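Mapping the sequence shown onto UniProt numbering, position 12 (from 1) lands on 12, and the numbers just tick up by one. Cβ atoms here follow ideal geometry from the backbone N, Cα and C, with glycine treated the same way. Computed from a predicted structure; not experimentally measured. The next block holds one structure in the form of structure tokens; read it before the comments.
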Amino acid sequence: MVLFYLQQRNPPVIPVLQEIYDEEEKPEVLVDGWNVYFYDDLNNLVSPSYQSISCGVCVCVCVALSLSLSRT
């Protein structure tokens, strides 16, 4: 949930590795019928500028998610 939150910020804090590809069609790596492709060439990873947030904000998000999940 924390990774999803950081990926959905505007601008994102971290990239969604499944959405980075150079071809017109999305690559497929199927495992048990699920596409598990992700960009794994980290040496050539070119990403747009991402938002930077402090470690304190990340900790607050983690604590808030932890508290909300423990109540269910």
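> Since Val2 is in the alpha helix (DSSP H), which residue starts that stretch and which ends it?
Replying inline: Val2 to Gln8 is the extent of the alpha helix (DSSP H) around Val2.
> Of the choices Gly33, Gln18 and Pro12, whose alpha-carbon is the least far from that of Lys26?
Replying inline: Taking only the C-alpha atoms, the option nearest Lys26 is Gln18.
> Can you give the Cα-Cα distance for Cys60 and Pro11, rounded to whole angstroms?
Replying inline: The straight-line gap from Cα to Cα measures roughly 19 Å.
>> Distance check for Tyr5 and Ser70, CA to CA, integer angstroms please.
In response: Ser70 and Tyr5: Cα-Cα distance of roughly 18 Å.
> Does the Cβ-Cβ distance between Ile20 and Leu45 come in under 9 Å?
Replying inline: Yes. Within cutoff.
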